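Asker: Take this structure first; my questions come after.
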Amino acid sequence: MDDHKKQLNDFVIKLQGKDYILFEGLLNLAHQEGLKKINTKLLQIPSAENGQIAVVQAEVETEKGFFTGIGDASPSSVSRGLVPHIIRMAETRAIARALRFAVNIGMTTVEELGDLEGEKAEKGQLGENIGSKKETKFERDEETDLILNFGKYANQSLSEVFLSDRKYVEWLSENARDPQLRNLAKKLVINSPTSSEGLN
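Going left to right, the sequence shown walks through residues 36 to 235 as the working numbering numbers them.
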């Protein structure tokens with residue numbers, strides 16, 4: 036238990052007198068406890084009608100079983116630099132919550148907090164004796180999202196591209212050669228408001 040605490044403390048920072056754990060620390064603990072897989076699913080695409088709130092569900096599988104968490108993010112709950120990436124932030128928050136349930140940690144992660152610009156954090160020494168990192172298998176639910184592997188938006192999810200360039204996703208919904216990509220783009224366009232206000 037002391038070793039567990041010592042390693043946990045390597046990833047704890049103090050903000051405004053409260054302790055928070057870093058996402059990296061949760062991931063490390065989850066690997067120690069037999070992390071097998073992390074799946075995420077986009078539940079809500081940000082739009083003007085829903086206050087630009089992205090909602091993601093994460094499911095973590097460890098040797099102990101399955102654990103789920105929901106994360107959300109909006110322009111008002113992230114720092115200015117992350118506003119274009121609120122889907123990714125919602126995903127990180129969802130994974131963090133699921134990992135906290137999986138490893139039985141009650142502390143909130145720093146990534147689950149809102150805008151921290153201007154906050155000073157006191158950090159411990161980060162992970163010099165943390166042990167080997169294992170590769171985690173991240174999967175997106177292909178029914179709702181996929182990662183583009185071409186063009187200027189390579190390595191971004193279709194839903195993230197939709198937020199920054201709706202017209203491009205509309206074009207893909209009609210012209211993409213890959214039928215899966217074409218169908219997913221159509222779903223995004225059909226399930227979103229017709230007004231693109233705030234999305235382009």
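Using N, Cα and C, we set each Cβ at its ideal position, and we do this for glycine too. If you're wondering where the values come from, they're calculated on a predicted model, not measured in any experiment.
Please determine if the stretch 58 to 67 and the stretch 77 to 91 are in contact, where contact requires at least 3 C-beta pairs separated by less than 8 Å.
Answerer: These segments do not touch.
Asker: For residue 68, which residues in the same chain have their Cβ closer than 8 Å to its Cβ, ignoring the five residues on either side in sequence?
Answerer: Cβ neighbours of residue 68 beyond the five flanking positions: 97, 98, 99, 137, 138.
Asker: Roughly how many angstroms separate the alpha carbons of residue 236 and residue 128, rounded to a whole number?
Answerer: Outside the displayed span of the chain (36 to 235) sits residue 236, for which this structure offers no information.
Asker: Once the 5 residues before and after residue 108 are set aside, which same chain residues still bring their CB inside 6 Å of it?
Answerer: Cβ within range, chain order: 89, 121, 124, 125.
Asker: Please classify residue 181: does DSSP put it in a helix, a strand, or coil?
Answerer: Reduced to three states, the DSSP call for residue 181 is coil.
Asker: Closer than 8 Å by C-beta to residue 223: which residues in its own chain qualify, once you throw out the five before and the five after it? Chain order, please.
Answerer: These residues qualify, in order along the chain: 80, 193, 194, 197, 204, 208.
Asker: In whole angstroms, give me the CA-to-CA distance for residue 182 and residue 191.
Answerer: Going from the Cα of residue 182 to the Cα of residue 191 covers about 5 Å.
Asker: Taking the beta carbon of residue 54 as the centre, do at least 16 other beta carbons fall within 10 Å, making it buried, or is it exposed?
Answerer: By the 10 Å Cβ count, residue 54 comes out exposed.
Asker: Return helix, strand or coil for residue 131, following the three-state DSSP convention.
Answerer: Three-state DSSP puts residue 131 in a helix.
Asker: Alpha carbon to alpha carbon, how far is residue 47 from residue 143? Give it in angstroms, no decimals.
Answerer: Answer to the nearest angstrom: the Cα atoms are 10 Å apart.
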